[in-house]
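Below is one structure, written out as structure tokens; the observations come after it.
Number of protein chains: 2
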Amino acid sequence: MSAVLEALTSPPEPRVRHQTVTSVPPANPLKMRCSSCHLGELCLPCGIAVSDVQRLDEFRFGRRKVKTGQTLYREGDRFQFFYAVRSGTFKSKLMLADGREQVNGFCMTGEIMGLDGVAYGTHASSAIALEDAEVCAIPYAQLTELAAGNSGLQQVFARIMSREILREHSLMTLLGSMNAEERLAAFLLNLSHRLKVRGYSATEFHLRMSRAEIGSYLGMTLETVSRTFSTFQQLRLLEVDKRHIRLVDVEGLTRAFKTGLN
Amino acid sequence: MSAVLEALTSPPEPRVRHQTVTSVPPANPLKMRCSSCHLGELCLPCGIAVSDVQRLDEFRFGRRKVKTGQTLYREGDRFQFFYAVRSGTFKSKLMLADGREQVNGFCMTGEIMGLDGVAYGTHASSAIALEDAEVCAIPYAQLTELAAGNSGLQQVFARIMSREILREHSLMTLLGSMNAEERLAAFLLNLSHRLKVRGYSATEFHLRMSRAEIGSYLGMTLETVSRTFSTFQQLRLLEVDKRHIRLVDVEGLTRAFKTGLN
DNA sequence: CGAATTGTTGATTCCCCTCAAACTGGGTGG
DNA sequence: CCACCCAGTTTGAGGGGAATCAACAATTCG
Numbered sequence: 001m002s003a004v005l006e007a008l009t010s011p012p013e014p015r016v017r018h019q020t021v022t023s024v025p026p027a028n029p030l031k032m033r034c035s036s037c038h039l040g041e042l043c044l045p046c047g048i049a050v051s052d053v054q055r056l057d058e059f060r061f062g063r064r065k066v067k068t069g070q071t072l073y074r075e076g077d078r079f080q081f082f083y084a085v086r087s088g089t090f091k092s093k094l095m096l097a098d099g100r101e102q103v104n105g106f107c108m109t110g111e112i113m114g115l116d117g118v119a120y121g122t123h124a125s126s127a128i129a130l131e132d133a134e135v136c137a138i139p140y141a142q143l144t145e146l147a148a149g150n151s152g153l154q155q156v157f158a159r160i161m162s163r164e165i166l167r168e169h170s171l172m173t174l175l176g177s178m179n180a181e182e183r184l185a186a187f188l189l190n191l192s193h194r195l196k197v198r199g200y201s202a203t204e205f206h207l208r209m210s211r212a213e214i215g216s217y218l219g220m221t222l223e224t225v226s227r228t229f230s231t232f233q234q235l236r237l238l239e240v241d242k243r244h245i246r247l248v249d250v251e252g253l254t255r256a257f258k259t260g261l262n
Numbered sequence: 001m002s003a004v005l006e007a008l009t010s011p012p013e014p015r016v017r018h019q020t021v022t023s024v025p026p027a028n029p030l031k032m033r034c035s036s037c038h039l040g041e042l043c044l045p046c047g048i049a050v051s052d053v054q055r056l057d058e059f060r061f062g063r064r065k066v067k068t069g070q071t072l073y074r075e076g077d078r079f080q081f082f083y084a085v086r087s088g089t090f091k092s093k094l095m096l097a098d099g100r101e102q103v104n105g106f107c108m109t110g111e112i113m114g115l116d117g118v119a120y121g122t123h124a125s126s127a128i129a130l131e132d133a134e135v136c137a138i139p140y141a142q143l144t145e146l147a148a149g150n151s152g153l154q155q156v157f158a159r160i161m162s163r164e165i166l167r168e169h170s171l172m173t174l175l176g177s178m179n180a181e182e183r184l185a186a187f188l189l190n191l192s193h194r195l196k197v198r199g200y201s202a203t204e205f206h207l208r209m210s211r212a213e214i215g216s217y218l219g220m221t222l223e224t225v226s227r228t229f230s231t232f233q234q235l236r237l238l239e240v241d242k243r244h245i246r247l248v249d250v251e252g253l254t255r256a257f258k259t260g261l262n
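Residue numbers (UniProt numbering), protein chains in the order written: chain Z, 1 to 262; chain H, 1 to 262.
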């Protein structure tokens with residue numbers, strides 16, 4: 001799978017209109033061990049030796065439930081935790097100077113959020129749940145401590161950060177050099193891939209995000225997103241009914257992704 | 001200074017046409033200590049305690065000279081080193097599926113290249129010198145080793161990676177939501193800022209990159225870059241003669257960056 | 001000096017944004 | 001229970017900004 005498909009996550013949006021959300025309460029009694037987590041290799045410990053996972057177990061990560069529309073952390077908040085998504089979907093967004101908001105990523109099960117907070121000790125983006133979700137809060141200070149004297153964990157962490165850089169490379173490529181059809185095709189194929197890896201259908205799924213959010217992420221207007229969906233449907237590449245998507249011709253979509261239509 | 005200005009680095013380009021370049025020979029006798037490096041806080045050790053800099057000194061980093069047009073590392077090369085730029089300017093680029101090349105960054109003195117290699121042990125982009133340059137090769141394995149048991153160094157490294165993520169956030173924002181004038185203004189203001197920090201004039205400088213490279217980086221064609229320069233000149237925001245730039249009205253440019261013209 | 005590279009400028013085309021209207025489904029309250 | 005509203009989506013019409021195609025000037029280089 002191409003680098004672009006591996007990586008996608010963010011475009012511009014017209015105007016803040018989401019329901020007012022209260023931050024999630026910081027404390028939560030639920031704690032658990034990494035070794036007993038069902039996420040397995042989807043999550044942080046991916047690629048870590050068993051002995052190292054046991055070291056991760058030493059401090060139990062707090063879990064938090066986040067309801068649809070709630071904010072997990074906000075741009076400007078002090079950075080203390082990474083969050084591993086246990087279930088549900090999040091969007092990552094940031095505010096532009098003119099007040100519009102820019103979606104720069106969608107996170108699903110096993111993906112890590114908050115990496116941009118390390119640089120200045122402050123979250124550079126906000127994370128908002130697109131459906132009821134649960135996350136695992138990983139204290140950065142403790143992670144750092146644990147990583148000292150454990151080059152394995154350290155490297156896993158470095159790799160995660162580096163992968164985020166690659167993801168953004170791809171998105172930049174998409175934004176810098178692809179047209180509307182290519183962007184949406186790339187987005188759908190990327191989504192399909194990530195769902196498949198998580199054991200869901202790769203060809204039939206429900207979008208958790210609105211046309212406006214997709215548009216913001218992909219650098220186009222919501223109208224263009226909608227129109228492009230319609231075009232794809234007319235070409236029998238997929239079937240779309242509001243947020244329900246069925247990919248009919250993945251081959252054709254892949255072609256559209258590579259070269260635009262025609 | 002806004003996040004966008006802090007971060008810029010990469011757009012699409014028509015066709016590979018650069019002179020064939022040979023990779024830089026891997027070995028070079030020149031080695032030196034971080035503590036005796038004139039880059040000071042511009043470079044990696046920025047923010048590290050003196051005692052830690054001494055630890056960095058334990059292994060001397062190899063220096064390499066790279067001539068204009070030469071490739072420092074190539075997409076797909078095995079990742080072994082980060083490179084800190086000691087002098088000169090580089091472009092970072094990657095190949096698209098259709099053979100075009102995409103510039104995704106320009107690196108100057110003190111900036112670190114190669115962070116995208118950590119993810120899969122392979123460089124995801126190529127680095128090419130835009131003028132005669134010199135770099136400091138930092139072996140990743142040794143850095144990891146040294147960072148184990150040194151949480152200070154570890155965090156500095158994490159911060160550098162995170163800052164790269166922020167830089168790309170900004171570029172995504174730029175590509176996703178700004179028009180040609182805003183992009184070029186942002187690019188010039190960012191360049192100006194970086195030059196100023198390095199002790200050069202913030203208002204008069206020589207571009208090391210072609211219109212095509214700027215265009216690739218900013219997601220527009222070289223013709224549009226050229227036209228936008230002309231527009232800025234007509235508006236008396238700057239004076240441009242080929243690659244020589246003199247910023248006349250930084251205020252005005254900043255306004256153009258924020259809202260487009262008018 | 002011709003060839004190649006880089007930059008500028010003009011004419012034309014077209015993709016996507018903007019503005020606008022209408023439809024849907026869900027939720028609410030009279 | 002139905003009217004109403006609202007957020008989200010679809011679709012149309014029109015215009016604008018940037019891409020494309022093309023010609024030409026200025027430099028560099030072999």
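Cβ atoms here follow ideal geometry from the backbone N, Cα and C, with glycine treated the same way.
When DSSP states are grouped into helix, strand and coil, His206 of chain Z belongs to the strand group. Nearest to Gly199 of chain H by C-alpha distance, out of H:Thr68, H:Phe61, H:Thr71 and H:Met108, is H:Met108. For Asn190 of chain H, the enclosing alpha helix (DSSP H) begins and ends at Ala180 to Val197.
Taking C-alpha positions only, Thr228 of chain H is separated from Gly62 of chain Z by approximately 52 Å. Within the model, the alpha-carbon separation for Leu195 of chain Z versus Glu204 of chain Z is close to 10 Å. Residues Leu72, Tyr73, Phe90, Ser92 and Met113 of the same chain have their beta carbon placed closer than 6 Å to that of Ala127 of chain Z, with the five preceding and five following residues left out of the count. When DSSP reads this structure, Ala84 of chain H sits in a beta bridge with H:Ile112 and H:Cys136. Inter-segment contact for the region 168–188 of chain Z and the region 213–231 of chain Z is present: three or more beta-carbon pairs are separated by less than 8 Å.
Cβ-Cβ distances below 7 Å link Glu239 of chain Z to Gln233, Arg246 and Val248 in the same chain, with the five nearest sequence neighbours on each side left out; the list follows chain order. For Ala129 of chain Z, the enclosing beta strand (DSSP E) covers residues Ser126 to Ala129. Scanning chain Z for C-beta atoms nearer than 7 Å to the C-beta of Arg163 of chain H yields Ala119, reported in chain order.
A check of alpha carbon separations from Met209 of chain H across H:Gln142, H:Met172, H:Asn104 and H:Ala137 identifies H:Asn104 as the nearest. Met220 of chain H and Ala180 of chain H have their C-alpha atoms spaced approximately 7 Å apart. Pairing Gly88 of chain H with Ala129 of chain H gives a Cβ-Cβ distance under 7 Å. Only those residues of the region 139–163 of chain H whose C-beta falls short of 8 Å from the nearest C-beta of chain Z are listed: Thr144, Glu145, Ala147, Ala148, Gly149, Asn150, Ser151, Gln154, Gln155, Phe157, Ala158, Arg159, Met161, Ser162 and Arg163.
Here the region 156–169 of chain H makes contact with the region 115–122 of chain Z; the two share three or more CB pairs at distances below 8 Å.
A Cβ of chain Z is located within less than 7 Å of the beta carbon of Lys258 of chain H. For Gly199 of chain Z, no chain H residue has a C-beta closer than 8 Å to its own C-beta; the minimum C-beta separation is roughly 24 Å. Relative to the Cα of Tyr83 of chain H, the nearest Cα in the group H:Arg211, H:Ala137, H:Leu153 and H:Asn150 belongs to H:Ala137. Contacts with chain H (Cβ-Cβ distance below 7 Å) from the region 168–180 of chain Z involve Glu168, His169, Leu171, Met172, Thr173, Leu175, Gly176 and Ser177, listed in chain order. Judged by their CB atoms, Glu75 of chain H and His38 of chain H are not nearer to each other than the 7 Å cut-off. DSSP places Leu166 of chain H in the helix class (H, G or I) of the three-state scheme.
Under the Cβ distance rule, Asp116 of chain H counts among the residues neighbouring chain Z, one pair being separated by less than 7 Å. Using a Cβ distance threshold of 7 Å, Gln70 of chain H and Ser216 of chain H do not count as a contacting pair. Under a 10 Å Cβ-count criterion, Val197 of chain Z is classified as exposed, with fewer than 16 other Cβ atoms of the shown protein chains found around its own Cβ. If you compare the alpha carbons of H:Lys67, H:Ser230, H:Ala202 and H:Met178 with that of Arg211 of chain H, the shortest gap goes to H:Ser230. Proximity of Leu130 of chain H to chain Z, defined by a Cβ-Cβ separation below 7 Å, is not satisfied.
Annotation for Val225 of chain Z: the continuous alpha helix (DSSP H) segment containing it runs Leu222 to Gln234. Here Phe257 of chain Z carries a helix assignment [DSSP, helix/strand/coil]. In this structure, DSSP gives Gly105 of chain Z an extended state, which the three-state scheme calls strand.
In this model, Lys67 of chain Z and Ser125 of chain Z are separated by some 18 Å (Cα to Cα). Counting along the chain, Gly62 of chain Z sits inside no alpha helix (DSSP H); it lies in the beta strand (DSSP E) bounded by residues Phe61 to Val66. Using a Cβ distance threshold of 7 Å, His206 of chain H and Arg255 of chain H do not count as a contacting pair. Close partners of Ala185 of chain Z in chain H (Cβ separation under 8 Å) are lacking, with about 13 Å as the shortest Cβ gap.
The beta carbon of Asn104 of chain H falls within 7 Å of a beta carbon belonging to chain Z, placing the residue at that interface. Comparing alpha carbon positions, the residue from H:Arg78, H:Arg86 and H:Gln80 closest to Arg33 of chain H is H:Arg86.
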